[in-house]
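Heads up, my numbering is the position in the sequence shown plus 9, with the first residue counted as 1. Ideal Cβ positions, reconstructed from N, Cα and C, are used throughout, including at glycine.
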Amino acid sequence: MDTNRARKLFDPIRIGTLKLKNRVIMGAMVTNFATKDGFVTDRLIDYHVNIAKGGCALNVTENAYVSLDGKRIMNGLGAYDDKLVAGLKRLAQGVHAVDGKISLQIMHGGRECSSNITGLQPIGPTDLVSRYSAISKESDLPRQMTIEDIGELVERFGKAGRRAREAGFDSVEIHAAHGYLISQFLSPYSNKRTDRYGGDEGARATFLLEIIGNIKKKAGADFPVFVKLNMNDYVKGGTIPDQAEVTIRLAVEEGADAIITSVGLHESRPYMIIPPMSVKNFVNVPYSERAKKIAKVPVGVVGRITDPIRAARVIEEEKADFVVLARSLLCDPEWPNKAREGKFKDIRQCVGCNQGCIDMIHKMKPFCCLQNPAIGREKEFEVKKAKNPKRIAVIGGGPGGLEAARVAALRGHKVTLYEKENKLGGQINIGSIPPHRKELQKVTDHLVRQVEKLGVEIKLGQEMTLGSIEALDMDLAILATGAVTHKPNIKGCDLEHVVFAFDVLDGKVKVSDKAVIIGGGLVGVETADFLCEKGNDVIIIEMLDTLAPDSGSANRVYFEDRFVQKKVELLLEAKVLEIDQDGITYLQKGWTRKILGVDTVIIAVGALPNTEIWDCFAGKREGRIFRIGDCIKPRNAMEAIYEGAKLAREI
């Protein structure tokens, strides 16, 4: 195997006094694995240990809040009190035991905090409300910080740095990006102060510089300090690269040992903090390249770093000194090891769906991953060889069926996979058709490659029935038969110009000029995106008051902006009453209206579980017939993959 293509990733690098074995660093990601008081848990340790085993040079924790009023997430990690040091020490020891190194990211949420979580009024450099907060529909009015408040927080950051060193951490990372408190001071968008902490770039950087100095004072001048900051806020009147370069120079002069370049606020359009699938890979490299030209310390880049060969090229071309992977390591903790060994095709690449990592955090739930259900469940999901290998038939070649087949084969079972279509992938094949969704196909590609390597026998074009399954030479069957399109009880649904969204995306039906989509969930909005790209006039009718409620905030931002640009009409809180040849009659907020001149009506109101085979086995399923995914209840690919992975570990 050719390992040379990623060779530059595995050159050692020194960050201040810290020597790292390679240039792949884990990016900070909130997990919701800590306790409500911010204490380390075994689950958090297991997660970090597993990432370290995968070969990255440095683990970076999620942002640990330095004071109680700076907490953003209900189960976020804390660094606000000495009583937290013992748990942090266990975390550091766990990572060190597997030849890893670890950094504590420290932060304060500022005006992005919510009183619903802290019970306290947020604070900020100025009393300006955040226009959008991912954790709260209504942002609180922050209290403008006094000089005394600022001095107290400088002390708290310094103490957090000291706690990190006492706990055995190898460095700290100051989170000065993404519109949190330090970023709020740095940005002219949110800092309107007229004292020494506001004004020009140098004055706005004073808070950060005092924090760097205080950490060096309390933790030791030789204790490495990374600073993560925004090169671009992506809002009018926010930080731009020229201003960020001033901050970088000042931070390095004050003692910063490395700079990590990032971009975006929660209210940025497009959403850039954790760029979704609609944003290109390696999007922030031009910013790290700029920073590297003026910084006198190593510079790292974060933002959809997915491909190791391209990542190595970034370093080789001196556009960054190291790469920072967050979601990519969540998706495949073995990314560094596989890249080092040249096993590039075996890397499970993050597709930027944000379903498990970001969407779950915004819902205040523990994070997870569409493709890697073992994350956060490292011990529970350890793959163990089966004591009594079985002959297993998996019926359905969508993501859930493929994952079940993969794990079962890993355990030593003899697996045969049956798929009624002539192509594996199930609904992901259709889901990857709309604009900016092509990367979803990587989910299927990876799973297919793995089941083929493991010797799973694949039979395409075989629609299974009760009789054909019973005739198989097998010990048990896993049904992953998916869902069927739901046809609503609306008068006129049987008319010739009424079609289903999946048939539109799949190219089975032609859509004429003016199209009305009934249903504004994810399938509906993706179909609208697909059609407006082709030039159709599109109207979406949705019963709820929110567009794509089954999608995450980053994707919703994309669709909202896209539909404004393409002039897609949205009718929310509206119910379709009747479809006829002239148009569609609907009820909205007590008013009955009719849309005329409709060429095509598209149904996108969800799906129903395909239980046909399951029902046929009633009374004779025990220990023989199992089911996973949408044939239990229609949801998403993440749920199907999780259920396939879990069941295959249990049988």
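Point to revise | Paired residues, beta bridge with F178 - DSSP | key: According to DSSP, which records beta bridges pairwise, F178 is partnered with nothing at all.
Review point. Does the Cβ-Cβ distance between S112 and D204 come in under 8 Å?
Key: no
Review point. Out of curiosity, what's the CA-to-CA distance linking V310 and T270?
Key: 5 Å
Check your understanding: Around the C-beta of K496, are 16 or more other C-beta atoms found within 10 angstroms, so that it is buried, or is it exposed?
Key -> exposed
Point to revise | Contact set for D661: own chain, Cβ-Cβ below 8 Å, skip 5 residues either direction | key: Since the first residue of the chain shown is 10 and the last is 660, residue 661 is not available in this structure.
Review point. From this set, V520, R565, V69, which residue's C-alpha is nearest Q364's C-alpha?
Key: R565
Point to revise | Residue from G96, K62, C65, I22 whose Cα sits closest to the Cα of T44 | key: G96
Review point. Cβ of I24 within 8 Å of Cβ of R32?
Key: no
Point to revise | S112, DSSP secondary structure in three states | key: strand
Exercise for review: Under 8 Å Cβ to Cβ from G211, same chain only, skipping five residues before and after it: list those, please.
Suggested key: V255, L259
**Study point:** Residue interval of the beta strand (DSSP E) (run including G309)
**Key:** 308-311
**Study point:** Beta bridge counterpart(s) of M35 as assigned by DSSP
**Key:** L334
Review point. V236 bridges to which residues according to DSSP?
Key: I183, I268
Practice item. Would you mind giving the Cβ-Cβ distance between E489 and G409, rounded to the nearest angstrom? I have them listed as a contact below 8 Å. Key: Here residue 489 is Ala; the residue named in the question, Glu, does not match the sequence. With a Cβ gap of about 5 Å, A489 and G409 count as contacting.
Exercise for review: Determine the burial state of I156: buried for a count of at least 16 other Cβ atoms within 10 Å of its Cβ, exposed for fewer.
Suggested key: exposed
Check your understanding: With a CB to CB cut of under 6 Å and the five nearest residues on each side skipped, what residues in its chain are close to I282?
Key -> H187, G273
Review point. By the 10 Å Cβ neighbour count, where 16 or more other Cβ atoms means buried, how is P284 classified, buried or exposed?
Key: buried
Check your understanding: Near L18, what residues of its chain come up, given a Cβ to Cβ distance below 8 Å and the 5 sequence neighbours on each side ignored?
Key -> N31, R32, V33, P317, A320, A321, I324, V332, P345, A348, R349
Exercise for review: With a 10 Å radius around its C-beta and 16 neighbouring C-beta atoms as the bar for buried, classify G599 as buried or exposed.
Suggested key: exposed
Point to revise | CA-to-CA distance, F376 to T40, given in whole angstroms | key: 5 Å
Practice item. Kindly list the residues whose CB is nearer than 6 Å to the CB of R152, restricted to its own chain and excluding five residues on each side of it in sequence; keep chain order. Key: Q130, I132
Review point. Given that a residue counts as buried once 16 or more other Cβ atoms are within 10 Å of its Cβ, and exposed if not, what is A106?
Key: exposed
Review point. Of all the options A173, R658, I487, which has the alpha carbon lying nearest to the alpha carbon of M116?
Key: A173
Point to revise | Sequence-distant residues of the same chain with beta carbon closer than 6 Å to Q358, five excluded per side | key: T315, K451
Practice item. For the segment 345-418, list the beta strand (DSSP E) runs that are entirely contained and at least 3 residues long, ordered along the chain. Key: 400-404
Exercise for review: Can you tell me which of K372, D570, G638, F232 puts its alpha carbon nearest to the alpha carbon of R81?
Suggested key: K372
Review point. Taking buried to mean at least 16 other C-beta atoms within 10 Å of its own C-beta, is T26 buried or exposed?
Key: exposed
Review point. Nearest-angstrom Cα distance between R420 and G361?
Key: 29 Å
Review point. According to DSSP, is R658 helix, strand or coil?
Key: helix
Review point. Counting Cβ pairs, one atom from each stretch, are 3 or more of them under 8 Å apart for the segment 547-555 and the segment 570-582?
Key: yes
Review point. Who are Q597's beta bridge partners in DSSP?
Key: A583, W600
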